[in-house]
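Visitor:
There are 2 protein chains.
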Amino acid sequence: MKILLSIAISVFATAHLFSQDQAILKIRADHEPRHFDLLKEYAAFLSLPNTMNDPSELVANAEFISGMMKKRGIRNIQLLHADAEGAIPAVYGEALTPGATRTVIFYAHYDGQPVNPDKWAEGLSPFTPQLASGPLDKGGQLLDFPAANADLNPDWRLYARSAADDKAGVFTILNAYDAIRRTGLAPHVNIKFFFEGEEERGSTNLGEILQKHRDLLRADAWIICDGPMHASGKKQITFGVRGDVNLHLTVYGAKRPLHSGNYGNWAPNPAMKLVRLLATMKDDEGHVLVDGFYDDVIPLSASERAALAAIPDPAPMMQQELAFAEPESPTRTFLESITTLPTLNINGIVSANVGRLASNIIPTTATATLDLRLVKGNDSRRQTGKVIDHIRNQGYLVLDREPTDEERLANANIATVRSGTGYNAQRTSMDLPVSQLVIEAVKSTTSQDVVLMPSAGGSLPLYLFEEILHTPPITVPVVNYDNNQHGENENVQIGFLWNGMETIAAIMLIDFK
Amino acid sequence: MKILLSIAISVFATAHLFSQDQAILKIRADHEPRHFDLLKEYAAFLSLPNTMNDPSELVANAEFISGMMKKRGIRNIQLLHADAEGAIPAVYGEALTPGATRTVIFYAHYDGQPVNPDKWAEGLSPFTPQLASGPLDKGGQLLDFPAANADLNPDWRLYARSAADDKAGVFTILNAYDAIRRTGLAPHVNIKFFFEGEEERGSTNLGEILQKHRDLLRADAWIICDGPMHASGKKQITFGVRGDVNLHLTVYGAKRPLHSGNYGNWAPNPAMKLVRLLATMKDDEGHVLVDGFYDDVIPLSASERAALAAIPDPAPMMQQELAFAEPESPTRTFLESITTLPTLNINGIVSANVGRLASNIIPTTATATLDLRLVKGNDSRRQTGKVIDHIRNQGYLVLDREPTDEERLANANIATVRSGTGYNAQRTSMDLPVSQLVIEAVKSTTSQDVVLMPSAGGSLPLYLFEEILHTPPITVPVVNYDNNQHGENENVQIGFLWNGMETIAAIMLIDFK
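Residue numbers (the working numbering), protein chains in the order written: chain A, 1 to 513; chain B, 1001 to 1513.
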């Protein structure tokens, strides 16, 4: 596959290889002396809380981004709104190239996952960006913010919510463009910018925004700057994503909490009910036991399989670092697990309290949040339907609301199942000319191999770009893989910010004939 | 059994029946006009936070109790300390009767279960006592605290942590004695008072306190005023308790939270591990599948079985009120469930977050707190050992601390199991003379049957009184059964406080030859 790719690249792009290499050196010479200022601005950006679903927090972020764009000479800056109540606008801007017939839009998102500050390590706070000499769980030490003339070690980590996911995308896209502008390099394409504010809640209104502004947003490619790079630190291009949908599942016991001594053995225990129900969903090799769970999967093409086989397996190194003895399944490789198969995972379970907060009670309810990742062929509603059917087949009355007393008295097993907004997987063919040009551009910025992933494990609603705009999305992640995105102690390794600017700048400089 | 009991009573106590009835009428005439003052003092008592394990909170409660005792002319008031660091003292006092050769000690505890104020109903706060016209979950409305001359409806509820469990015990004991003193009634026995501060944490130091003060605390009977009365509202005497021990169980996944898309299907999920482990512990009829779990059980005696059979089954009424369709087991009655069998119950499970707080992650750990109730014959350490063996038999390395990285890398399944301080069950024979006298005294205060329970479902370390002091404990609960003890929205129905004073006063007036 590597040889085939080289041939493909030579056909489309050899002519530009040398000039882009020169361009990257210019970009580097421009950004290196400015790292302190870039970091300072980034810390200010990360100080703005950006909890998904919080309009006032998110609008403040959108305004900050608009300001960053204005400072960099980007034009036609505007908020693209959807009509829905509580919808969070996307931030749009453009830098048109006179005479250009091709357009590339760069995407990142500025909203973040919810935080539980209590779970963050001592000295960290989600919205008080904090530098450390390395990962805190591997001996990194907290650092004071450096002086203006200090040397910034590229191995340092910057801890904050969205430091990696995905304000890093906003940062690298805007600063890549700025570096091009500052160095006087001339793009061949129109460059547009699109920063979403609703990605973490499932991009509820992205479809409507794309639909309403389809002329403004029409392009030859969307470059999606999100997600982590390969664990080896090699640059990476990803041609698809898994889909995603959540299920929130609650089962019931007695209406009020009961003393476990005075009622134990008699009153039904919802925690035990939930445990028994969830245990029916997977076998001990991680195979999902829900009927038909794997039926709709469209397998990888031959070239996608070959690309996957060419990627060094990061599993042994990651497993060592993450300190576990066995992956969930003894028969699947890491890349197969996250690329070729749908998942059913427990994101969280809560029933009453544990440890020092525990009381000797029989809880009233037990709740789990499930995460279903989808691959090409899965439909989010069909997939959640299978899980709901499975719950029914275990003898449960399934409701989409709390049960009434009458329902409780008539049904021994009741589950309330609420489904989050889901979306399906998407895959762009690696063989498209634009795919080949992007591969070549990224290769021009690094002396190492570039990892080509047929699909990421993570999710973005990229199918929308195909369905609504008929434009292929290609994902170019820029952050370190060990960034704790979505969890506590999220961080970015700052060297990845500088490298990411070069990656994105190279794509902005593509000569797309 | 009822006929047998009547005969037994006539042998021991018929002579006192009339005089006690008169005494109870006197007691009632004394307390009825004072309900407002009693309630006001009780609200002040309940305003003192009394979280188990919090020495400063609990010492403030002990001081308040000492003050109540002093006001009531109780002598030799003192705090009985254990030597252990952080031990909470018991409050002792006495009212000796000149010439008396018999002594009865009255026990209650003043510490409370931990609270999670967020879970309490709107308008309630654990340590701001609040009156309501009835149970809030059955349409009761919050009430302003009444004026001094207001009529207090005995159906009203007073909401606060420990309103039922077990400051109600302290309240009724001290006010029962006070009413005796105020009315000039003359007890035949020495009356002693013992209020423990460590019951909710398993009475860690009670044994030491009894041992150190065994002369002061020697008696002919301990009357334990704790736990709820029969669901019918009938007065009740309980001759034993189940033992209790908790297990805190944590299983592990990767060392840091992982994005469920980028790692899902590959990284082991501790929530799913825990679910699968817990599901092995019980079948779908509530039978515990841990090897030998029921082996040590000493069955009830013939007379205990007969007493149990005479008790009206509260299950249908309770089930209706608690709104569930089927008890845990289709083959056990309520009374069998809580009296004759050890239990294994999940008190709580937590792994990451659910619902709006959930993130799309693979959690790092999953924790459950288990509650094991014990019956006569079970030993707490032997019983937890069986559960630990069961966990081992499921392929787990069991530790009593967090695993090291080396252990994580060498063992696919690791469980940290920490055992709380546990204690064994206890049963006093109903056929003892003192048991019969107490039965007769309680009967003198009510026109209804008195429910005689061979054992409660709940737990107190009553075996200590037998083992250390060789004194039979007998439990006389005074609070309504639907009091939410240990959970949120704990409450007492205030009429039970007034009736409880009469119950306890009648026992204080026993003529124990």
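We treat Cβ as the ideally placed atom computed from N, Cα and C, and that holds for glycine. Just so it is clear, the structure is predicted and the values come from calculations on it, not from any experiment.
My assumption, with CB atoms under 8 Å, is that B/N1190 sits in contact with B/T1097. Please give the rounded CB distance.
Guide: Rounded, the Cβ-Cβ distance is 5 Å, consistent with contact.
Visitor: Are there 16 or more other CB atoms within 10 angstroms of the CB of B/K1040, so buried, or fewer, so exposed?
Guide: Its Cβ having fewer than 16 others within 10 Å, B/K1040 is exposed.
Visitor: What residues from the segment 221–246 of chain A come within 9 Å of chain B, judged by C-beta to C-beta, listed N to C?
Guide: Those residues of the segment 221–246 of chain A that come within reach of chain B (Cβ to Cβ, closer than 9 Å) are G227, P228, V241, R242, D244, N246.
Visitor: For A/S351, return the contacting residues in chain B, with the cut-off set at a CB-CB distance below 9 Å.
Guide: Residues of chain B passing the Cβ test: I1346, N1347, G1348, I1349, V1350, A1368.
Visitor: Pick out whichever of B/T1416, B/R1028, B/R1427 has its Cα sitting closest to the Cα of B/T1183.
Guide: B/T1183 has its Cα closest to that of B/R1028, out of B/T1416, B/R1028, B/R1427.
Visitor: Output needed for A/I346: all residues of its chain with C-beta closer than 7 Å, excluding positions within five of it in sequence on either side, in chain order.
Guide: Once the five neighbours on either side are set aside, the close Cβ partners of A/I346 are L278, A368, L370.
Visitor: Mind checking which residues open and close the beta strand (DSSP E) that includes B/K1192?
Guide: B/K1192 -> beta strand (DSSP E) spans 1190–1196.
Visitor: Would you identify the three-state DSSP class for B/Q1022, choosing helix, strand or coil?
Guide: Helix.
Visitor: Quick one: measure Cβ to Cβ for A/P228 and A/V479, integer angstroms, because I've assumed they're closer than 8 Å.
Guide: Rounded, the Cβ-Cβ distance is 6 Å, consistent with contact.
Visitor: Would you mind sorting B/H1575 into buried or exposed? The rule is 16 or more other CB atoms within 10 Å of its CB.
Guide: In this structure chain B extends from 1001 to 1513, so residue 1575 of chain B is not present and cannot be described.
Visitor: For B/H1259, which residues does DSSP report across the bridge?
Guide: Partner(s): B/I1361.
Visitor: Check whether the Cβ atoms of B/V1450 and B/A1506 lie closer than 8 Å to each other.
Guide: Contact: no.
Visitor: Looking at C-alpha atoms only, which residue of B/D1244, B/R1401, B/H1390 is the closest neighbour of B/R1373?
Guide: For the residues B/D1244, B/R1401, B/H1390, the minimum Cα distance to B/R1373 belongs to B/D1244.
Visitor: Out of B/T1404, B/N1411, B/S1133, B/A1160, which one is the CA nearest neighbour of B/L1152?
Guide: Comparing Cα-Cα distances from B/L1152 to each of B/T1404, B/N1411, B/S1133, B/A1160, the minimum goes to B/S1133.
Visitor: With distance defined between alpha-carbon atoms, name the residue in A/W156, A/M318, A/V288, A/L48 nearest to A/E63.
Guide: Of the candidates A/W156, A/M318, A/V288, A/L48, the one whose C-alpha sits nearest the C-alpha of A/E63 is A/L48.
Visitor: Taking only beta-carbon atoms, is A/S66 less than 8 Å away from chain B?
Guide: It does not; no Cβ of chain B falls within 8 Å.
Visitor: Please list the residues of the segment 1464–1487 of chain B that have a C-beta atom closer than 8 Å to any C-beta atom in chain A, keeping them in chain order.
Guide: Under the 8 Å Cβ criterion, the segment 1464–1487 of chain B contributes Y1481, D1482, N1484, Q1485, H1486, G1487.
Visitor: Using the three-state DSSP reduction, which class does A/W120 fall into: helix, strand or coil?
Guide: A/W120: coil per DSSP, three-state reduction.
Visitor: May I ask you to list the residues that DSSP assigns as paired with A/T416?
Guide: Per DSSP, A/T250, A/L399.
Visitor: Counting only Cβ pairs nearer than 9 Å, list the residues of chain B close to A/V451.
Guide: Result: empty, since nearest Cβ-Cβ is about 13 Å, beyond 9 Å.
Visitor: In terms of DSSP beta bridges, what is A/K282 paired with?
Guide: Paired residue(s): A/V288.
Visitor: Mind listing which residues of the segment 1251–1270 of chain B have their C-beta closer than 8 Å to chain A's C-betas, in chain order?
Guide: Those would be Y1252, G1253, A1254, K1255, R1256, P1257, L1258, H1259, S1260, G1261, N1262, Y1263, G1264, N1265, W1266, A1267, P1268, N1269, in chain order.
Visitor: Using three-state DSSP, classify A/D244 as helix, strand or coil.
Guide: Here A/D244 sits in strand by DSSP.
Visitor: Can you tell which of A/P312, A/R157, A/S447 has the C-alpha that lies nearest to the C-alpha of A/A231?
Guide: Checked all of A/P312, A/R157, A/S447; the closest Cα to A/A231 is A/P312.
Visitor: For B/L1501, which of helix, strand or coil comes out of DSSP?
Guide: The sequence as given places Met at residue 1501 of chain B; Leu does not occur at that position. Of the three classes helix, strand and coil, the one that applies to B/M1501 here is helix, per DSSP.
Visitor: Confirm, please, whether the CB-CB distance from A/E94 to A/F171 is below 8 Å.
Guide: No, these two residues do not count as a Cβ contact at 8 Å.
Visitor: Can you find a C-beta in chain B that's less than 8 Å from the C-beta of A/M324?
Guide: What sits at residue 324 of chain A in the sequence shown is Phe, not Met. Yes - at least one Cβ of chain B is within 8 Å of the one on A/F324.
Visitor: Examine the Cβ distances between the segment 115–133 of chain A and the segment 74–82 of chain A and report whether three or more of them are shorter than 8 Å.
Guide: The segment 115–133 of chain A is not in contact with the segment 74–82 of chain A.
Visitor: What is the rounded straight-line gap between the Cα of A/S419 and the Cα of A/T384?
Guide: Looking at the two C-alpha atoms, the distance is approximately 8 Å.
Visitor: Is it true that the segment 1267–1281 of chain B meets the segment 1296–1315 of chain B, where meeting means three or more beta-carbon pairs spaced less than 8 Å apart?
Guide: Taking 8 Å as the limit for Cβ pairs, the verdict is that the segment 1296–1315 of chain B does not touch the segment 1267–1281 of chain B.
Visitor: Is there a Cβ from chain A that is less than 8 Å from the Cβ of B/A1410?
Guide: With 8 Å as the cut-off, B/A1410 counts as an interface residue toward chain A.
Visitor: At the level of alpha carbons, what is the spacing between B/Q1394 and B/V1288?
Guide: If I take the Cα positions, the gap works out to 15 Å.
Visitor: Chain A beta carbons: is any one of them nearer than 8 Å to that of B/T1343?
Guide: It does: the Cβ of B/T1343 has a partner Cβ on chain A nearer than 8 Å.
Visitor: Considering only residues of the same chain and omitting the five flanking positions on each side of A/V11, which have a CB-CB separation below 6 Å?
Guide: Low local confidence applies: a pLDDT of 34 at A/V11 is under 50, so the model's placement there is unreliable, and no value is given.
Visitor: Taking just the CA atoms, how far does B/A1323 sit from A/K255?
Guide: Their backbone Cα atoms lie some 6 Å apart in a straight line.
Visitor: Cα-Cα, which of B/D1137, B/N1413, B/N1499 is closest to B/D1030?
Guide: Here the closest residue by C-alpha is B/N1499.
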